[in-house]
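Asks:
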Amino acid sequence: KFEKRTRWTIRKCEKNLIHVYKSPITSELSSNFYEIYKIGMKIKKGRLKPSNFFEHVKNNFIFDKDYAVFVAEKNSLPIAYLLVFYHYPFAEYYMPAFDKNYSNYNATSMLIWKSIEDSLSKKLKFYNFGGTLIDQHSLYLFKRNWGSSDFYYNYYINANLERIKSVELDNLKSMYENFYVFSFSQL
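Quick note on this note's numbering: the sequence shown kicks off at 80 and runs consecutively.
Below, the structure is given as structure tokens:
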């Protein structure tokens, strides 16, 4: 069950005529989404995905089978985006971005709701908001407002640790910049 505040933000978007649609990745969408994402990540001091990220998604995944981008518009102007991945039985909330000039609409909540509806229509059983670090208390509360439950992750990695230990840590990080390889505390 959603918290009252979450239901209120969805209704607020409806009252403000925020239009949501699902889209494949196009050059224009990729460019606009990435620019808004980049600004948001700079404010949050987060780590950016590479600029060619959307091209990789487009070239390696099938729209509406493996992924979808949900777009929120106000007066035909895109104000928020959400990339969701699908892999039965999961829908994975992966990459949100919103234009801070339109943050008062809370369009991300409407995007989440529409992506949940879409996931249910695909008969998916879990909507995964992804991991939350201990120091991300506000993000944790946001996810809880959606009625989410804590689910603890385990990473199982088959690796030759002795061989990996022979590679310098900085070299390893640069070769696998955007991937979880293993816990560096094991070095």
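Cβ coordinates follow ideal geometry from the N, Cα and C atoms, glycine included.
Excluding five sequence neighbours on each side, which residues of the same chain lie with their C-beta closer than 7 Å to the C-beta of Phe142?
Replies: Excluding sequence neighbours, Phe142 sits near Pro103.
Asks: Okay, do the stretch 164 to 178 and the stretch 204 to 215 touch, 3+ Cβ pairs below 8 Å being the bar?
Replies: yes
Asks: Rounded to whole angstroms, what is the Cα-Cα separation between Glu82 and Trp225?
Replies: 6 Å
Asks: Identify the residues that DSSP records as bridge partners of Arg162: which are they?
Replies: Correcting the residue identity first, residue 162 is Leu in this sequence and not Arg. According to DSSP, which records beta bridges pairwise, Leu162 is partnered with Val148 and Met174.
Asks: If you run the structure through DSSP and keep just helix, strand and coil, what is Val246?
Replies: Correct three-state label for Val246: coil.
Asks: Candidates Lys80, Met254, Tyr100 and Tyr231: which alpha carbon is nearest Ser155's?
Replies: Selected option, being the one with the closest Cα: Tyr100.
Asks: Could you tell me the distance, in whole angstroms, from the CA atom of Glu134 to the CA atom of Glu256?
Replies: Taking the straight line joining both Cα atoms gives about 17 Å.
Asks: Got a sec? Which residues, its chain only, sit under 7 Å from Asn185 by beta carbon, not counting five neighbours each side?
Replies: Contacts found: Thr88, Lys91 and Cys92.
Asks: In its own chain, which residues sit with a C-beta less than 8 Å from the C-beta of Ala238, not counting the 5 before and 5 after it?
Replies: Val260 and Phe261
Asks: Tell me the rounded alpha-carbon separation between Lys252 and Ile243.
Replies: Cα to Cα, Lys252 sits roughly 11 Å from Ile243.
Asks: Taking the alpha-carbon of Val163 as reference, which of Asn180, Ser110, Asn138 and Ser194 has the nearest alpha-carbon?
Replies: The option with the nearest alpha carbon to Val163 is Ser194.
Asks: Over the uninterrupted beta strand (DSSP E) stretch that includes Val99, give me the two end residues.
Replies: His98 to Ser102
Asks: Are the beta-carbon atoms of Tyr235 and Gly210 separated by less than 8 Å?
Replies: no
Asks: Classify Asp145 as buried or exposed, calling it buried when 16 or more other Cβ atoms lie within 10 Å of its own Cβ.
Replies: exposed
Asks: Tell me whether Phe261 sits in a helix, a strand or coil according to DSSP, three-state version.
Replies: coil
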